[in-house]
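Going line by line, the protein sequences match chains W and X. So the first sequence is numbered by this note's numbering: it starts at 17 and just counts up by one. So the second sequence is numbered by this note's numbering: it starts at 17 and just counts up by one. Cβ atoms here follow ideal geometry from the backbone N, Cα and C, with glycine treated the same way. All values derive from a computational prediction rather than experimental measurement. Notes to accompany the following structure.
2 protein chains.
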Amino acid sequence: MTSEGRPPIEVLKVAGTSRPVSVAGAIAGVIRSQGRVEVHAIGAGAVNQAIKAITISRGYVAPSGLELVCIPTFIDLIVAGQARTGIRFLVELC
Amino acid sequence: MTSEGRPPIEVLKVAGTSRPVSVAGAIAGVIRSQGRVEVHAIGAGAVNQAIKAITISRGYVAPSGLELVCIPTFIDLIVAGQARTGIRFLVELC
């Protein structure tokens, strides 16, 4: 729990080999339970899969009257001991 | 003009070779004048550049108290006579 009483935001890591439909299901699940989720991706292939997943997940939650937006920010990550800049997508209800 | 009296939404096409900083400047310019813009990208490289541009553009407009969100949807485009599926990012103020 954070100081605001909300649970810490859940993070889904996406790779270039991730299946967008599977990630989309995970995004929809976290959105339904917590209302927001972070999706992290490093590299063009991973960013592309992440965007496909977010796009598909909008269709999964739309029948429940939920609409998702995404807010991209840069994020510095350490991968295998090396500094990498990735994209963090905050996906939340609008 | 549309039937609602708003001008038609401006479209920026992004390629894998597009410079994110240049596209970000274009996004910020259209946002300031029209409040929203569409960014189209086909392929992982173009989607990656588009997301970098949207992320950078958030920083361009933030000092004016503007916050951008993006809403990705799939779009069917014809490129060189061939049907391609791309991503359409609706970028708008939240």
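Using a Cβ-Cβ cutoff of less than 6 Å, which residues in the same chain neighbour residue i once the five nearest sequence positions on both sides are dropped?
i        : result
Glu111/W : With chain W covering only 17 through 110, there is no way to say anything about residue 111/W.
Ile103/W : Ala57, Val63 and Pro88
Lys29/W  : His56
Cys110/W : Glu83 and Val85
Ser34/W  : Gln65
Work out the CA separation of residue j and residue i for me, nearest whole Å.
i        : j       : result
Ala44/X  : Val63/X : 18 Å
Thr71/W  : Val39/W : 11 Å
Gly41/X  : Ser73/X : 7 Å
Gln65/W  : Glu54/W : 14 Å
Arg22/X  : Ile47/X : 14 Å
Val77/X  : Val27/W : 27 Å
Gln98/W  : Gly97/X : 43 Å
Phe105/X : Pro79/W : 21 Å
Gly81/X  : Ser49/X : 15 Å
Contact check, residue i vs residue j under 8 Å by CB: the rounded distance?
i       : j        : result
Ile58/W : Arg100/W : 5 Å
Might you give, ordered along the chain, the residues of its own chain that have their beta carbon closer than 7 Å to the beta carbon of residue i, omitting 5 neighbours on each side?
i       : result
Gly61/X : Gly32
Asp92/W : Ala99 and Thr101
Under 9 Å between the Cβ atoms of residue i and residue j?
i       : j       : result
Val37/W : Ala69/W : yes
Got a sec? Which residues, its chain only, sit under 8 Å from residue i by beta carbon, not counting five neighbours each side?
i       : result
Phe90/X : Thr101, Gly102, Ile103 and Arg104
Beta strand (DSSP E) segments (min. 3 residues) lying fully within the segment 20-92 of chain W | Counting whole runs of 3 or more residues, the segment 20-92 of chain W contains the beta strand (DSSP E) stretches 27-30 and 52-57.
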